[in-house]
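Take -4 as the starting number for the sequence shown in the numbering used here and just add one per residue. Every residue gets a Cβ at the ideal spot worked out from N, C-alpha and C, and that includes glycine. This one's a predicted model, so the numbers in the text were calculated from it and none came from an experiment.
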Amino acid sequence: MSEAPVINPELAGLKTSRRGKVRHLFDLGDQLALVASDRISAYDCVLPTGIPGKGRLLTQISKFWFAKLESAKPHHLITADAAEMPESIREGAKALDGRTMLVKKSEIVPFECIVRGYLAGSGWKQYQKEQKVQEHSLPPGLRLGDPLPEPLFTPTTKADEGHDEPISFAGLVEAVGQDMADALKARSLAIFKEASEWALTRGLILCDTKFEFGYSENRDPAKLVLCDEVLTPDSSRFFKASEHKPGEAVKPWDKQLVRDYLSGLDWDKTPPAPELPEEIVKETVNRYQEIHDLITGA
Ligand SMILES: Nc1ncnc2c1ncn2[C@@H]1O[C@H](COP(=O)(O)OP(=O)(O)OP(=O)(O)O)[C@@H](O)[C@H]1O
Ligand SMILES: [Mg+2]
């Protein structure tokens, strides 16, 4: 393999102020440097094996969408270009080679804003049992990979530890108020729609995705700040339009390949997670790269 994975990125001697499953956050006052490592997580566990170059691809994909989508504004990205970063981190960000985003520090709304345009994953599982996805009743006879009558907003809690749990829209209203819940839903659906249309021009179907938003200073629902990574293969499922046949298992893209490999093992999905074999790593790198190239036109 030509490149060693970056597992624990360091930036200019700064202390990591938060270590997510994939990203490290470095505190710069009003701003944060968000550095995407090459770590990969599945079933909420970080795997011991890295995916070389993944962090760079994720950062570059997010950067593309932030610039491309009108509906992404306002968002947190200041720059992903090392040359435009403050001197204190410029050299460090250069060395991390495209993995760093300088962002506006935000107070994150503690819910994950998931949008589903197609039936897959946990939505498909629930549909088979209840003909519903969260509280949304659906027509009978839908197959795995079928488009939903319209994209659905299916938020979850954002658990500090353990698994995120689905929350109904009424539950979200109770937690953040009607106006904020309406705004989270409307923004999420608008970004999903604009991104789906663009993805299709590149031969990709956006199946589902997750957004995170930050509150604006005065908590104005009209000014929710789109945060985190956006529309990457870590936060989304993409299908290739040319390969997509509802009812048939879709070619596992990106993380799905890793999930499928892991679910074939005798592993109980609690840490420590097993290593990935070299073929799975290679194939995963190739798929992240291909999605990156398709989306950004690189
Ligand atoms: N602009 C921002 N201001 C503050 N925090 C942010 C901002 N953008 C993203 N974040 C946070 O940075 C972290 C990104 O790291 P990563 O995606 O690796 O975390 P994670 O393992 O998914 O953790 P979490 O469950 O907390 O999201 C997330 O906690 C996300 O909420
Ligand atoms: Mg995350």
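- Distance from the Cα of GLN55 is smallest, within the candidate group LEU133, SER32, ILE103, for SER32.
- LYS153 has its Cβ nearer than 7 Å to a heavy atom of ligand 1.
- DSSP, reduced to helix, strand and coil, places MET175 within a helical segment of the structure shown.
- In terms of side-chain proximity, the C-beta atom of ASP39 is found no nearer than 7 Å to any non-hydrogen atom of ligand 2.
- With at least 16 other beta carbons inside 10 angstroms of its own, TRP60 counts as buried.
- The residue among VAL253, GLY259, PRO269, THR265 with its C-alpha nearest the C-alpha of THR279 is VAL253.
- For HIS19, the beta-bridge partners assigned by DSSP are ARG14, VAL30.
- Around the beta carbon of ARG18, 16 or more other beta carbons lie within 10 angstroms, which makes this residue buried.
- Not one heavy atom of ligand 1 sits closer than 7 Å to the Cβ of CYS108.
- The beta carbons of TYR38 and LYS264 sit closer together than 8 Å.
- Annotated as distal: GLU130 and SER101, with beta-carbon spacing of 8 Å or more.
- Under the three-state reduction of DSSP, ALA268 is assigned to coil, being neither helix nor strand.
- Beta-bridge pairing by DSSP links LEU167 to no other residue.
- In the same chain as THR291, and ignoring 5 residues on each side of it, the C-beta atoms closer than 6 Å to its own belong to PHE59, in chain order.
- About 4 Å separates the CB atoms of PHE208 and LEU219; that is less than 8 Å, so the two are in contact.
- Under DSSP, the beta-bridge partners assigned to LEU201 are PHE233.
- Sequence-distant partners of PRO142 (beyond 5 residues in either direction) whose C-beta falls short of 7 Å from its own C-beta, in its chain, are GLY112, TYR113.
- Annotation for TYR113: the continuous beta strand (DSSP E) segment containing it runs 106 to 113.
- The C-beta separation of ILE109 from THR149 comes to about 5 Å, placing the pair in contact by the 8 Å criterion.
- LYS63 carries a helical assignment under DSSP once its states are collapsed to helix, strand and coil.
- In this structure, PRO4 places its C-beta atom within 8 Å of the C-beta atom of VAL30.
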